[in-house]
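*Asks:*
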Amino acid sequence: MLTEERRQKILHLLEQNKIVKSQDLVTLLNASESTIRRDLQELENDGLLERIHGGAKKGQLLGFEQNMSEKTLKNVQEKQTIARLAAQLINDDDVIYLDAGSTTLEMIPYLQEKKVTVVTNSVKHAASLVDLQLPTIILGGQVKLSTNAVLGNSTISQLKNFYFNKVFMGMNGVDLNRGFTTPDPEEAAVKRLAMANAEESFVLIDHSKFNKLSFTSVAPLEAATIVTERCPLEFVTDYRERTTIKEAAIQ
Numbered sequence: 034m035l036t037e038e039r040r041q042k043i044l045h046l047l048e049q050n051k052i053v054k055s056q057d058l059v060t061l062l063n064a065s066e067s068t069i070r071r072d073l074q075e076l077e078n079d080g081l082l083e084r085i086h087g088g089a090k091k092g093q094l095l096g097f098e099q100n101m102s103e104k105t106l107k108n109v110q111e112k113q114t115i116a117r118l119a120a121q122l123i124n125d126d127d128v129i130y131l132d133a134g135s136t137t138l139e140m141i142p143y144l145q146e147k148k149v150t151v152v153t154n155s156v157k158h159a160a161s162l163v164d165l166q167l168p169t170i171i172l173g174g175q176v177k178l179s180t181n182a183v184l185g186n187s188t189i190s191q192l193k194n195f196y197f198n199k200v201f202m203g204m205n206g207v208d209l210n211r212g213f214t215t216p217d218p219e220e221a222a223v224k225r226l227a228m229a230n231a232e233e234s235f236v237l238i239d240h241s242k243f244n245k246l247s248f249t250s251v252a253p254l255e256a257a258t259i260v261t262e263r264c265p266l267e268f269v270t271d272y273r274e275r276t277t278i279k280e281a282a283i284q
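Convert by adding 33 to the 1-based position in the sequence shown; the result is the number in the numbering used here.
(1) Counting pairs of Cβ atoms below 8 Å between the segment 242 to 249 and the segment 136 to 147, do you hit three or more?
(2) Since F197 and N154 should fall inside the 8 Å C-beta cutoff, what is the C-beta to C-beta distance between them, to a whole number of angstroms?
(3) If we call anything under 8 Å between Cβ atoms a contact, is K224 one with D127?
(4) According to DSSP, simplified to helix, strand and coil, what is F197?
(5) Since T215 is in the beta strand (DSSP E), which residue starts that stretch and which ends it?
(6) By DSSP, does I115 sit in helix, in strand, or in coil?
(7) Compare the Cα-Cα distances from P168 to each of N181, V149, A133, L254 and report the closest residue.
(8) Report, in whole angstroms, the separation of the C-beta atoms of E262 and I115, which I expect to be a contact under 8 Å.
(9) What three-state label does DSSP hand K224 in the structure shown?
(10) Using the Cα positions of V163 and K157, report the straight-line distance between them to the nearest angstrom.
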């Protein structure tokens with residue numbers, strides 16, 4: 034059984050029963066304890082369930098999201114590889130948008146030698162950009178403490194007035210049929226508008242985000258180019274038929 038098929042079965046069982054036991058999953062899915070443990074960890078990381086002693090319980094509307102400190106410690110090497118490739122896509126005199134993601138944060142050191150103006154909805158990103166003496170515009174609004182993202186009606190109102198050569202953003206998941214998704218509807222609204230106001234949109238995701246689904250739809254798959262360190266081999270053909278993928282591993 035393929036990894037994605039097995040994990041979908043776990044989620045289906047949770048929808049039916051609310052709680053599943055690890056030992057039951059081992060038997061039902063004919064998988065090892067280590068495989069089930071790894072599946073539950075990945076599904077929890079994606080906000081799709083909550084691990085408990087001896088098993089897992091259903092996540093709260095797929096709305097769980099790690100805070101920024103936790104995100105920045107996860108898959109650091111992959112994020113830096115993706116960020117380096119993404120920065121190479123920027124031309125001098127571009128006006129770009131960086132959303133409040135941990136991978137877009139890794140782009141900032143690679144912008145130091147570029148003539149670029151940056152708009153962001155991240156307090157953390159803005160501080161890092163200013164430290165490098167880069168022209169920076171930060172959107173106003175209410176700060177979401179867990180991700181340092183600036184959100185709300187004020188943010189949307191200001192963002193409507195800006196147009197970008199390129200936008201770069203993170204997502205919690207990408208799915209062939211449902212496109213790009215993220216847990217927070219307010220963050221999704223900001224991402225969606227930034228993409229609509231851009232000549233080109235780039236979504237920065239590592240290999241673990243493919244065929245993953247979160248709570249809120251942001252945009253269809255065709256709306257952005259995917260920048261990744263690698264697309265899993267079992268998915269790459271299907272995704273390349275629908276959108277452009279730039280892989281650092283084959284540069």
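All C-beta atoms, glycine included, are put in the ideal place defined by N, C-alpha and C. Fair warning: this is a prediction, and the values are worked out from it, not measured in the lab.
*Replies:* Taking the definition as stated:
(1) No, the segment 242 to 249 is not in contact with the segment 136 to 147.
(2) In fact, because the Cβ distance is near 13 Å, the residues do not count as touching under 8 Å.
(3) Not a contact, by the Cβ cut-off of 8 Å.
(4) F197: strand per DSSP, three-state reduction.
(5) Per DSSP, T215 belongs to the beta strand (DSSP E) from 212 to 215.
(6) If DSSP states are grouped into helix, strand and coil, I115 belongs with the helices.
(7) When each option's Cα is compared against that of P168, the closest is V149.
(8) Yes, E262 and I115 are in contact; Cβ-Cβ is about 5 Å, under 8 Å.
(9) The DSSP-derived three-state label of K224 is helix.
(10) Between the alpha carbons of V163 and K157 lies a distance of about 10 Å.
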